[in-house]
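Engineer: As you go down the protein sequences, you meet chains A and B in turn.
For the record, in the first sequence the residue sitting at position 51 is 50 according to numbering that gives the first Met the number 0, with numbers rising by one throughout.
For the record, in the second sequence the residue sitting at position 442 is 441 according to numbering that gives the first Met the number 0, with numbers rising by one throughout.
A single structure is presented below for examination.
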Amino acid sequence: MRWGMVIDLDKCTACQSCAVACKAENNVPFATPEQSGRSHTIFWMDLLVQVRGEYPRPKARFIPRPCMHCDNPPCVQVCPVGATYRRPDGIVAQNYDRCIGCKYCMVACPYGARMFNMGRAEEPESYRSYANPDGRVARRRVGVVEKCTFCFQRVDQAVARARAEGRTLEDGEVKTACAQTCTGGAIVFGDLDDPASRAAQLAGSPRAFRLLDELGTRPKVVYLMEG
Amino acid sequence: MQSATRAERAYESFLRPLYGISLWYALGVAGLLGLVALGGYHLVGSQWAQGLEVTGLNTSIYWGLYIINFVFLVGVSAGGIIVAALAHILEFKEFKPISRIAELQAISCLILATLFIFVSIGAPDRFYYLFLYGRLGSPLIWDVIIIVVYLALAMVMGYLGTRADLVRCMAVFPRRRWLFRLLALGYTDISPAALERERRLLRGLSWAAIPAAVLLHSITAWILGLVKARVTWHTSLLGPLFVVSAVASGVALVTLCVVVTRALWRLDIGEKVVGGLGKVLALSVPVLGYFLFAELLTVTFGGETAALEVFTEMVWGSFAPFFWVNLIVGLLLPLLLLVMPARLSASWAFARAAAAAAFAGVLVMVWPWAGGDAPALFAESFPAWGALAQPAWMLGLLVLLIVVLTVIVPSTSVFVRVGTASALIVMGVLLERTNIVVLPQLHRYLAEFYGVGRYVPTWPEVAVALGIYALGALAFLVLAKLFPLVELPDEH
Numbered sequence: 000m001r002w003g004m005v006i007d008l009d010k011c012t013a014c015q016s017c018a019v020a021c022k023a024e025n026n027v028p029f030a031t032p033e034q035s036g037r038s039h040t041i042f043w044m045d046l047l048v049q050v051r052g053e054y055p056r057p058k059a060r061f062i063p064r065p066c067m068h069c070d071n072p073p074c075v076q077v078c079p080v081g082a083t084y085r086r087p088d089g090i091v092a093q094n095y096d097r098c099i100g101c102k103y104c105m106v107a108c109p110y111g112a113r114m115f116n117m118g119r120a121e122e123p124e125s126y127r128s129y130a131n132p133d134g135r136v137a138r139r140r141v142g143v144v145e146k147c148t149f150c151f152q153r154v155d156q157a158v159a160r161a162r163a164e165g166r167t168l169e170d171g172e173v174k175t176a177c178a179q180t181c182t183g184g185a186i187v188f189g190d191l192d193d194p195a196s197r198a199a200q201l202a203g204s205p206r207a208f209r210l211l212d213e214l215g216t217r218p219k220v221v222y223l224m225e226g
Numbered sequence: 000m001q002s003a004t005r006a007e008r009a010y011e012s013f014l015r016p017l018y019g020i021s022l023w024y025a026l027g028v029a030g031l032l033g034l035v036a037l038g039g040y041h042l043v044g045s046q047w048a049q050g051l052e053v054t055g056l057n058t059s060i061y062w063g064l065y066i067i068n069f070v071f072l073v074g075v076s077a078g079g080i081i082v083a084a085l086a087h088i089l090e091f092k093e094f095k096p097i098s099r100i101a102e103l104q105a106i107s108c109l110i111l112a113t114l115f116i117f118v119s120i121g122a123p124d125r126f127y128y129l130f131l132y133g134r135l136g137s138p139l140i141w142d143v144i145i146i147v148v149y150l151a152l153a154m155v156m157g158y159l160g161t162r163a164d165l166v167r168c169m170a171v172f173p174r175r176r177w178l179f180r181l182l183a184l185g186y187t188d189i190s191p192a193a194l195e196r197e198r199r200l201l202r203g204l205s206w207a208a209i210p211a212a213v214l215l216h217s218i219t220a221w222i223l224g225l226v227k228a229r230v231t232w233h234t235s236l237l238g239p240l241f242v243v244s245a246v247a248s249g250v251a252l253v254t255l256c257v258v259v260t261r262a263l264w265r266l267d268i269g270e271k272v273v274g275g276l277g278k279v280l281a282l283s284v285p286v287l288g289y290f291l292f293a294e295l296l297t298v299t300f301g302g303e304t305a306a307l308e309v310f311t312e313m314v315w316g317s318f319a320p321f322f323w324v325n326l327i328v329g330l331l332l333p334l335l336l337l338v339m340p341a342r343l344s345a346s347w348a349f350a351r352a353a354a355a356a357a358f359a360g361v362l363v364m365v366w367p368w369a370g371g372d373a374p375a376l377f378a379e380s381f382p383a384w385g386a387l388a389q390p391a392w393m394l395g396l397l398v399l400l401i402v403v404l405t406v407i408v409p410s411t412s413v414f415v416r417v418g419t420a421s422a423l424i425v426m427g428v429l430l431e432r433t434n435i436v437v438l439p440q441l442h443r444y445l446a447e448f449y450g451v452g453r454y455v456p457t458w459p460e461v462a463v464a465l466g467i468y469a470l471g472a473l474a475f476l477v478l479a480k481l482f483p484l485v486e487l488p489d490e491h
């Protein structure tokens, strides 16, 4: 089992619903306009935007950016207390109870995928009614690092259910929040070790590339180049 | 007969700080206590209450003012022990009297450095996790280990080098006998045989202290240098560069401490001592400049985009003031002060000074012509100054240069010249550290998406840093009352 994600940039409409779904699923804290002005905003899934050229012929490029869940994760390598670790199924997870907030992993991550709880989130009272009640995504305390977990609460639940029913997990049975909500169907989540899975097959496409692959991080998020 | 009176005089001067408390001393302690309280107020009342939100850190920079000072303080600590160890190993008569100040600096600066780490982390209540759950694979844990080893070594060296004087002090200050007894851990033997044994032990420990100091700063460099995600950190030059910076800034701070302490308490420390330190500085500063040049040449010749962007920002961008001030005021000027013969006729000195000032002035004036933007760092800190910021800092630099070149350079006092040079070197290395720590974080990979980050330290952050430094200065003042800061001459 090696969880990975394929994101087809041709199908991405830059609607950012992946970022919103991720916030809701994982109880990612809100930011006030003041906080976001000082760039303290937390995004586990962020939409990277690059605009080139002037008005008559501008060219924009959009890349949804979750954590790359590297097979050779630089963040895990540097963590002094083992708060961030690579699970046997390839997910790079974060132990919020262990993290001391030294931010070394954030410095070591070339993708900017790690986020720091700078301060308390100020959010409307009504927020509580639609917060995800799952204890594994309970709001993190101030002063620790958090990041995309490939929705491991969903993954683990699906794996446990399949095991209880005495069967193997089907391809596409578990979807991360971003994959589930993606309006263009651009995000495919699946097992890269299973050659029959859709994710593994898409990852073999000639359009496939990985971000900053030359750094030797071996990311498990594969992009399909826009045509 | 003459030498006897000289030793007598020295002996008396070294004990002088231990008598009574002057008004200035009390005022100094009060002022420093105030700064410590201010820092503590901001640390507890705002940073720990609201989170690191109150600092200037943001999603593009995670290590700021605190880590800059951590790296800087580890450096001056390593430099301190190198001076002390050289004094013990080579039996440098010149450095002997100041080895205790150097050891004290090594110990106290390292403690201050750990305090900076303590305030920089987001969950200080879990600080002990570093010891409980330490992962040997992390460079940060290598640093924890070497800091503990080095601190222990420096403390043992400090104790061994001080206890004979503590025993001597018991006889001079009978009423404070208990204090000296406590500090000496009950030791009382000062027979020549015991002193010889002590010297041999110190020599042996010094052999261990030098590699420990080199390792200490190399590992601190590797915390940054092993990170492949930050282009200009990820160079094998970083370790050696940090060691040389450590020697330069460490020796400079020892020198500054010696010069200031000597002036404060009229200690009998000779020109030879400070002159010798000046020579070590004159040797290490060019090496620092050489490393800087090697790095700049490698990056600009190849022109690799990511690294070039960082260096362009450093030399011509918003952090250009730090780079140029470091180069001109932190490296060239001190070198000039250190190598130019001290006893010049006044007119010659003035002519040279004027020529050097003109040269430096041209260098600074060329800067805007070469296409630099308005320094954003200053424009953001003082928006109202916007347009004035650039001419203001250049004019300030020029005035500083002219003052140093016309007043300090012609001065025939070794203490004034070497002391000024040391202060400038310390400042220069601090600026160098700032550029090394901050810039590669602002210019990151995927900058085409993320853009260039910015960092301006906030007031609470600055106050906490000031508080920590004030704590260090306070410790120095208190220790100066506890035992003689300079080794008492043997022959007394």
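Backbone N, C-alpha and C fix where the C-beta goes; we use that ideal spot for every residue, glycine too.
None of these values were measured; they are calculated from a predicted model.
#1: Indicate whether at least one CB of chain B lies closer than 7 angstroms to the CB of I99/A.
#2: Terminal residues of the continuous beta strand (DSSP E) containing V187/A?
#3: Which one of L32/B, G329/B and A305/B has the shortest CA to CA distance from R229/B?
#4: Cβ atoms of Q46/B and P459/B: under 7 angstroms apart, would you say?
#5: Against chain B, with Cβ distances strictly below 7 angstroms, would M105/A count as a contact?
#6: Given P382/B, which residues of its chain have a CB within under 8 angstroms of its CB, disregarding the five upstream and five downstream residues?
#7: So, do the stretch 89 to 108 of chain B and the stretch 150 to 157 of chain B have three or more beta carbon pairs nearer to each other than 8 angstroms?
#8: Pull up the distance between the alpha-carbon of R162/A and that of M0/A, whole angstroms please.
#9: So is G370/B buried or exposed if we call it buried at 16+ other beta carbons inside 10 Å?
#10: Are the Cβ atoms of L291/B and L423/B separated by less than 7 angstroms?
#11: Taking 8 angstroms as the threshold, find out whether the stretch 204 to 220 of chain B comes into contact with the stretch 75 to 91 of chain B through three or more Cβ pairs.
#12: Could you work out which residues of chain A lie near A122/B, taking near to mean beta carbons separated by less than 8 angstroms?
#13: Against chain A, does A464/B count as a neighbour if the rule is that its beta carbon must be under 7 angstroms from one of theirs?
#14: Quick check on F318/B: does DSSP put it in helix, strand or coil?
#15: Count the other C-beta atoms from every protein chain shown that fall within 10 angstroms of the C-beta of D372/B, then say buried if there are 16 or more, exposed otherwise.
#16: Express the C-alpha separation of S59/B and I67/B in angstroms, rounding to a whole number.
#17: Using only CA atoms, which one of I62/A, R60/A, P63/A and N94/A lies nearest to A75/A?
#18: Buried or exposed, going by whether 16 or more other CB atoms sit within 10 Å of the CB of I145/B?
#19: Out of A176/A, G184/A, V144/A and A199/A, which has the shortest C-alpha to C-alpha gap to D170/A?
#20: How would you list, in chain order, the residues of chain B whose beta-carbon sits under 8 angstroms from the beta-carbon of V91/A?
#21: Quick check: the Cα distance between P65/A and W43/A, rounded to an integer number of angstroms?
#22: Any idea which residues DSSP pairs G261/A with across the strands?
#23: Going by C-alpha distance, which of Y24/B, M313/B and S244/B is nearest A474/B?
#24: DSSP on P16/B, reduced to helix/strand/coil?
#25: I want to verify the contact list: residues of chain A whose CB lies under 8 angstroms from the CB of E312/B, in sequence order.
#26: Would you decide whether K146/A is buried or exposed? Buried here means 16 or more other CB atoms lie within 10 Å of its CB.
#27: Nearest to A472/B by alpha carbon, out of S119/B, R175/B, L34/B and R15/B?
#28: List the residues that DSSP assigns as beta-bridge partners of K58/A.
#29: Between M67/A and F188/A, which are expected to be in contact by the criterion C-beta below 8 angstroms, what is the C-beta distance as a whole number of angstroms?
#30: Give me the Cα-Cα distance between S21/B and Y128/B, rounded to the nearest whole angstrom.
#31: Is there contact here, the stretch 48 to 61 of chain A with the stretch 8 to 19 of chain A, by at least three beta-carbon pairs under 8 angstroms?
#32: Check whether the stretch 231 to 248 of chain B touches the stretch 278 to 297 of chain B, taking contact to mean three or more Cβ pairs, one atom from each stretch, closer than 8 angstroms.
#33: By DSSP, does W368/B sit in helix, in strand, or in coil?
#34: Buried or exposed, going by whether 16 or more other CB atoms sit within 10 Å of the CB of V27/A?
#35: Please return the same chain residues whose Cβ sits closer than 7 angstroms to the Cβ of R119/A, not counting the five positions on each side in sequence.
#36: Would you say the stretch 79 to 90 of chain A touches the stretch 473 to 488 of chain B, given that touching needs at least three Cβ pairs under 8 angstroms?
Structural biologist: Taking the coordinates as given:
#1: yes
#2: I186 to D190
#3: A305/B
#4: yes
#5: yes
#6: The predicted position of P382/B is uncertain, since its pLDDT is 44 and thus under 50; a value taken from the coordinates is nonetheless stated next. None.
#7: yes
#8: 14 angstroms
#9: Low local confidence applies: a pLDDT of 41 at G370/B is under 50, so the model's placement there is unreliable, and no value is given.
#10: no
#11: yes
#12: C98, I99, G100, R140, G142 and V143
#13: no
#14: coil
#15: With a pLDDT of only 46 at D372/B, under the threshold of 50, the placement of this residue in the model should not be trusted; the figure read from the coordinates follows. Looking at its Cβ environment, which holds fewer than 16 other Cβ atoms inside 10 Å, D372/B is exposed.
#16: 16 angstroms
#17: Checking the sequence shown, residue 75/A turns out to be Val, not Ala. Nearest C-alpha to V75/A: N94/A.
#18: buried
#19: A199/A
#20: Those within 8 angstroms of V91/A in chain B number zero; the least Cβ separation is about 15 angstroms.
#21: 6 angstroms
#22: Residue 261/A is absent from the model: chain A starts at 0 and stops at 226.
#23: Y24/B
#24: helix
#25: Here the premise fails: no neighbours, minimum Cβ distance about 18 angstroms.
#26: buried
#27: L34/B
#28: R51/A
#29: Wrong, their Cβ atoms sit about 14 angstroms apart, outside the cutoff.
#30: 44 angstroms
#31: yes
#32: yes
#33: Its pLDDT being 42, under 50, W368/B is placed unreliably by the model, and nothing is read from it.
#34: buried
#35: V141
#36: no
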